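Residue numbers for the sequence shown follow the working numbering, beginning at 1 and rising by one.
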Amino acid sequence: MKLLAVTACPTGIAHTYMAAEKLARAAASRGIDMKVETQGSIGAENILDDNDVSDADGVIIAADKAVDLSRFVGKRVLTVGVAEGIHHPEQLIERVRSAPVHTAGATPAAAASGGGKERSVAYKALMNGVSYMIPFVVVGGLLIAISLSLGGHTDPSGGLVIPKDSFWMDVNNIGVIGFTLMVPILSGYIAYAIGDRPALVPGMIGGWIANTGDLYDSKAGAGFIGAIVTGFLAGYLVLWIKRVKVPKFVQPIMPIIVIPIVATTTLGLFFIYVIGKPISWVFEHLTDWLGGMTGTSAILLGAILGLMIAFDMGGPVNKTAFLFGTGLIATGNQTVMGMCAAAIPVMPLGQGLATLIRKRLYTEQERETGLAALFMGCFGISEGAIPFAAARPAQVIPANMLGGAVAGAIAGVAGVEDAVPHGGPIVAVLGAVSGVAMFFVAVLIGTAVTALTTVTLVDVSERRRKGAAPVPGLGVVGPLEPALVGVGAGAAAGGAAGAVVAQRIVASSSAPTAEAAPTGTPNAGGTGADKKANADADTKAAGTPAAEADGEVLSGYLTERTVKVALDARGKEAAIREMAELLARTGKVADLDELVATALRREEQGTTGLGEEIAIPHAKTDAVTAPVVGFARSAEGVEWGSLDGTKARLVFMISVPEAAAGDEHLRILALLSRKLMDPGFRERLMAAPDEGAVLEVLSEIR
1 MKLLAVTACP TGIAHTYMAA EKLARAAASR GIDMKVETQG SIGAENILDD NDVSDADGVI
61 IAADKAVDLS RFVGKRVLTV GVAEGIHHPE QLIERVRSAP VHTAGATPAA AASGGGKERS
121 VAYKALMNGV SYMIPFVVVG GLLIAISLSL GGHTDPSGGL VIPKDSFWMD VNNIGVIGFT
181 LMVPILSGYI AYAIGDRPAL VPGMIGGWIA NTGDLYDSKA GAGFIGAIVT GFLAGYLVLW
241 IKRVKVPKFV QPIMPIIVIP IVATTTLGLF FIYVIGKPIS WVFEHLTDWL GGMTGTSAIL
301 LGAILGLMIA FDMGGPVNKT AFLFGTGLIA TGNQTVMGMC AAAIPVMPLG QGLATLIRKR
361 LYTEQERETG LAALFMGCFG ISEGAIPFAA ARPAQVIPAN MLGGAVAGAI AGVAGVEDAV
421 PHGGPIVAVL GAVSGVAMFF VAVLIGTAVT ALTTVTLVDV SERRRKGAAP VPGLGVVGPL
481 EPALVGVGAG AAAGGAAGAV VAQRIVASSS APTAEAAPTG TPNAGGTGAD KKANADADTK
541 AAGTPAAEAD GEVLSGYLTE RTVKVALDAR GKEAAIREMA ELLARTGKVA DLDELVATAL
601 RREEQGTTGL GEEIAIPHAK TDAVTAPVVG FARSAEGVEW GSLDGTKARL VFMISVPEAA
661 AGDEHLRILA LLSRKLMDPG FRERLMAAPD EGAVLEVLSE IR
């Protein structure tokens, strides 16, 4: 019998490799030939080719994110969560024998993972769209901002103007193309995550229609909210069409001709004639309503305009407020535009600030997007906040609106005026704003309100989700791992921050440690640790274990100084402090208390107890000056909250600086988690009599 398997967890780190090892060992113990493909942060490894699939008797998918099943048509496919692969591999091997045969276009429902609350299909689809949209937002927004700052000037009749035939106008046009594609990309990849490839075309075209108000007699398109709607409509419409029974001779052309044409035409006409009309109606009546408020209290009007500006960042509500303020400039009333101008930058500035003040709530990619959003906010590009609003609409949009309302109200009370139809600090710097001091006060206070409200709401949401069903182990929010899960995380962590991670980490347990070392470390120039790594590589090439050569393993991050054969602590907090003190022996710990506090904050988000009597607490913090790993054993075990209820007797602690290049923590986590699934390896670790013997066993980690 020959079986195949694919393992993948949202973050693509520990559980992916743990499940692969467990399944492979369970198959080997039964004399079954099994090949396992891992879809981790590094990307797919041990990829299943056509020959593997043709010879296979069944396929086990142990994953908490979307896996393409089209290559397994005609094979028995069992789809479960990644935790099932870790805890019940023998049962999965038995169950796959009677699993249903996968057919073209089928979308089998995943069984409960047993590893905590899995994100819904809708959430995964939304994250997929957001992860693909982010580069377009960043590239488009930054190019527009650069062209405005270096090539633009203020003009009362046209806002910030760039000379038409100039170099900077060409740069601006490229940025505008990025922004134009942003919305269709969001819609298209939401649809793709739901309905697979046939849904991509209707999703993208639907998103383009949603963003093009002229097609349904609206002065503004539906923006990113409209794109989310068209993405889900396209995805589920394609799924419904797939279920329609058609003659066999039609089936081959269904995914490439019939489904895309039918779905695209249906969705496009539906949006134009059904959804578009209400959007146009709302736009017109909002304009009339605002026109009747020009005599109202400035603080109330400013708050309302700020709410509208912040609501959909380029959609019909935002455009209504913006065009209302723009239209009044020509009549000599510049205060309304002043209210809008103060609210416009609050969303990207607030979301960017939020990623700085509570880093642990955001993925690496989101933090990078946050820096870009800060830059865009300075130039009045409110779309910089769209990725955050699309990913967490329930938390981000209310926070944006509150900050926008505060900024608009303050600008209204202070009588701030703006002479050009644009917003953000750039217009004040270029002299288009009167009351500059109060303008900046309004922007700063609004930004602070948005940032603080966002982190509060996101933190509460994450705690509530974790409290309802905490996800054990490493697949949870924490300083080292992304909060973004689902398909988006696949694109964001093996896709999202994954483009970087895939180049820098090697997590295969069969690769030597020297080969697994990243090429982008701070010492890549050939000094310090880099020379040491080269020496390690030479030693291993000669066939001598690293531990025997220099008393170091895992690229020298774990040494005899960071090994302890008997952990004294009996509780988790005390154990983490004792492990931190162990790491401090290296001289690489600059702030012991901060290291402990960071590791404990990580534990609050979800236990790092993996089960099998293993715990791997970890921290990414500038409390350490270089990557360092420690190991200790506990004879009695420490209660760590592991899913299988076992106490932690084998404890590793990993700490890397915030700026550590190469995502070393991901490589170390992957190597450790995979090797620790070997019962013989764990037994040898427990039996090793002293630090030297322990290090000898640990040198097997490659």
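Ideal Cβ placement from N, Cα and C applies to all residues, glycine included. Just so we're clear, the structure is a prediction, and the values are computed from it rather than from any experiment.
For F652, the enclosing beta strand (DSSP E) stretches over residues A648 to V656. For V67 against A8, the beta-carbon gap comes to about 6 Å, under 8 Å, which counts as contact. Look at L3 here: in three-state DSSP terms it is strand. In this structure, DSSP gives V565 a state outside helix and strand, which the three-state scheme calls coil. Here DSSP, grouped into helix, strand and coil, assigns K675 to helix.
Residue pairing for K35: DSSP places it in a beta bridge opposite L4. Between G206 and L267, the C-beta gap is smaller than 8 Å, which places the two residues in contact. Where S70 is concerned, there is no enclosing alpha helix (DSSP H), because DSSP gives it neither an H nor an E. Here E417 carries a strand assignment [DSSP, helix/strand/coil].
The secondary-structure analysis by DSSP pairs E366 with nothing; it has no beta-bridge partner. In this structure, G377 sits away from A343, with a CB-CB distance that is not shorter than 8 Å.
For K124, the uninterrupted alpha helix (DSSP H) segment begins and ends at V121 to G151.
Around the CB of S29, fewer than 16 other CB atoms lie within 10 Å, so the residue is classed as exposed.
If you ignore the 5 residues before and after I329, its C-beta comes within less than 6 Å of the C-beta of M337, all in its own chain and listed in chain order. A distance below 7 Å between beta-carbons, with the five flanking residues on each side excluded, links R197 to the following residues of its chain, in chain order: P255. Bounds of any alpha helix (DSSP H) do not take in L48, whose DSSP letter is neither H nor E. Comparing C-alpha distances from V697 to each of A569, M653, V596 and T559 shows the shortest one belongs to T559.
Here S434 is bridged, per DSSP, to E417. Within the same chain, T154, D418, A419 and V420 come within 7 Å of A432 by CB-CB distance, once the 5 residues on both sides are set aside. Exposed is the label assigned to V246, since fewer than 16 other Cβ atoms lie within 10 Å of its Cβ.
Within its own chain, the residues whose Cβ lies closer than 7 Å to the Cβ of I386, once the five positions on either side in sequence are excluded, are V137, F224 and M313, listed in chain order.
Straight through space, the alpha carbons of G630 and E691 are spaced by roughly 12 Å. Between the region 584 to 592 and the region 607 to 619, the count of C-beta pairs closer than 8 Å stays below three; the two stretches do not touch. Here M579 has P617, G630, A632, V651 and M653 as same chain residues with Cβ atoms under 7 Å from its own Cβ, once five neighbours each way along the sequence are excluded. DSSP lists I614 as the bridge partner or partners of G611. Pairing G152 with G384 gives a Cβ-Cβ distance that is not under 8 Å. Rounded to the nearest whole angstrom, the CA to CA distance from I162 to A451 is 32 Å. Secondary structure at V449: helix, using DSSP grouped into helix, strand and coil. Per the C-alpha coordinates, the member of D622, V596 and D678 positioned closest to G611 is D678. Between Q395 and V458, the gap from beta carbon to beta carbon is short of 8 Å. Among the bridge pairs identified by DSSP, I60 is matched with A5 and L78.
Between the region 343 to 354 and the region 396 to 408, the count of C-beta pairs closer than 8 Å reaches three or more; the two stretches touch.
Beyond the five residues adjoining it in sequence on each side, G446 comes within less than 6 Å, by CB distance, of V346, G403, V406 and A407 in the same chain, given in chain order. Remark: three or more beta-carbon pairs, one from each stretch, lie closer than 8 Å, so the region 596 to 610 and the region 638 to 650 are flagged as touching.
Ranked by Cα distance from T625, the first of D591, K242 and L600 is D591. With contacts defined as CB atoms closer than 8 Å, W168 and S147 qualify as a contacting pair.
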